[in-house]
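Participant:
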């Protein structure tokens, strides 16, 4: 009996305790679950809002940055296009020079055989042209033709040349020509921008640019023992046909004459100060020392210690009046080089 009463009492007591615990714990759990759902919802909303904010911020920043970049780039073409500015000033005075054999015909073209070609530039409006001597002298039966930037072609006379300095002047019977301003090579510095203009591989008025690599490259360093010239070294690309063309500074002034290429990126020009000495030495000399030619052909004759010709083929000389008549009636060609 007592044992049965004890069991009943125990069962009721435990049931009451369980009920009380359950009645207290369940609301707490329900409340925690509700708070947890609210917290998760809040966290989700915060994360979603932050994500949208970041996306909007970066999108706006990219748009602003792109607009800023566009505004920063505007005008740079005009501001930094200095090579084009140099070409616009100087290219019109650069000419294409072609040497043809007056006695031989090219079997493939039917025209007079081309011996060589090069470049030059006009230094006086009355048709005086500067080039390299190796472009125009020592060519058999040579006829020198010059093509201007307007496409017109003229037969030229060689007025003076100096094999030692590799300089020569030509003259064509045209006036009012655009000229190249001569600068100075004395204040030239390594690292300066320069522009080479010429006719590489017969391609007239080709423009290349580079920097001055050295201003004091002695001829002996290049294996030229007989040339007492200090050359300008540049990495402006030049090749066959560029010889005689100008090396121009950013002021549009010729500071050298392109003369030699060793390999890609290593080229040499004769400083313009040497050229000025050459021009001063031979100024107006043609009026007393007449050109020497057979017909319209120059025959290379050279006297040691002098840059003037001493003889012509069959000892024929033109008098001053004949020279002037030749200048007046020198033939003019249009289009291609042909007779």
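Residue numbers (my numbering): 196 to 534.
Each residue gets a CB set at the ideal place from its N, CA and C atoms; glycine is no exception.
1) Between the C-alpha atoms of residue 410 and residue 385, what's the straight-line distance to the nearest angstrom?
2) Is the number of C-beta pairs between the segment 457-470 and the segment 377-391 that are closer than 8 Å three or more?
3) Here's a check: name, in chain order, each residue in its chain whose Cβ is nearer than 6 Å to the Cβ of residue 412, leaving out the five neighbours to either side.
4) Taking just the CA atoms, how far does residue 436 sit from residue 390?
5) Would you mind sorting residue 246 into buried or exposed? The rule is 16 or more other CB atoms within 10 Å of its CB.
6) DSSP three-state label for residue 441, please.
7) Restricting to runs no shorter than 4 residues, where is the alpha helix (DSSP H) found entirely within the segment 303-341?
8) Does DSSP put residue 405 in a helix, a strand or coil?
9) Could you pull the start and end residues of the alpha helix (DSSP H) that residue 269 belongs to?
10) Would a C-beta distance cut-off of 8 Å place residue 307 and residue 300 closer than the cut-off?
11) How is the beta strand (DSSP E) around residue 155 delimited, first residue to last?
12) In the DSSP output, which residue or residues are listed as bridge partners for residue 453?
13) I'd like to confirm the pairing. Which residues does DSSP put opposite residue 389 in its beta bridges?
14) Name, in chain order, the residues that DSSP records as bridge partners for residue 399.
15) Would you grab the beta carbon distance between residue 285 and residue 443 for me? Rounded to a whole angstrom, and I think it's under 8 Å.
16) When you compare each of 359, 270, 287 and 461 to residue 419 by their alpha carbons, which one comes out closest?
17) Terminal residues of the continuous beta strand (DSSP E) containing residue 425?
18) Starting from the Cα of residue 320, find the closest Cα among 289, 305, 298 and 296 and give me that residue.
19) Mapping the DSSP letters down to three states, classify residue 352 as helix, strand or coil.
20) Using 10 angstroms around the beta-carbon of residue 240, count the other beta-carbons present and answer buried if the total reaches 16, otherwise exposed.
Facilitator: With the structure as the only source:
1) Their backbone Cα atoms lie some 6 Å apart in a straight line.
2) Short answer: they touch.
3) Cβ neighbours of residue 412 within its own chain (closer than 6 Å, five residues either side excluded): 426 and 428.
4) Note on geometry: alpha-carbon atoms of residue 390 and residue 436 lie some 16 Å from one another.
5) Result: exposed.
6) In the structure shown, residue 441 adopts extended strand secondary structure according to DSSP, grouped into three states.
7) Counting whole runs of 4 or more residues, the segment 303-341 contains the alpha helix (DSSP H) stretches 328-331.
8) Strand, per DSSP.
9) Unbroken run through residue 269: none, as it is neither H nor E.
10) Contact flag set, yes.
11) Here the chain has residues from 196 to 534 only, and residue 155 is not among them.
12) Beta-bridge pairing by DSSP links residue 453 to 464.
13) The bridge partners DSSP lists for residue 389 are 405.
14) Residue pairing by DSSP leaves residue 399 without any beta bridge partner.
15) Taking C-beta atoms under 8 Å as the contact rule, residue 285 and residue 443 qualify, at a distance of about 5 Å.
16) Nearest C-alpha to residue 419: 359.
17) Its beta strand (DSSP E) spans residues 425-429.
18) For residue 320, the nearest C-alpha among the options comes from 289.
19) Residue 352 falls in the strand class under three-state DSSP.
20) Exposed is the call here.
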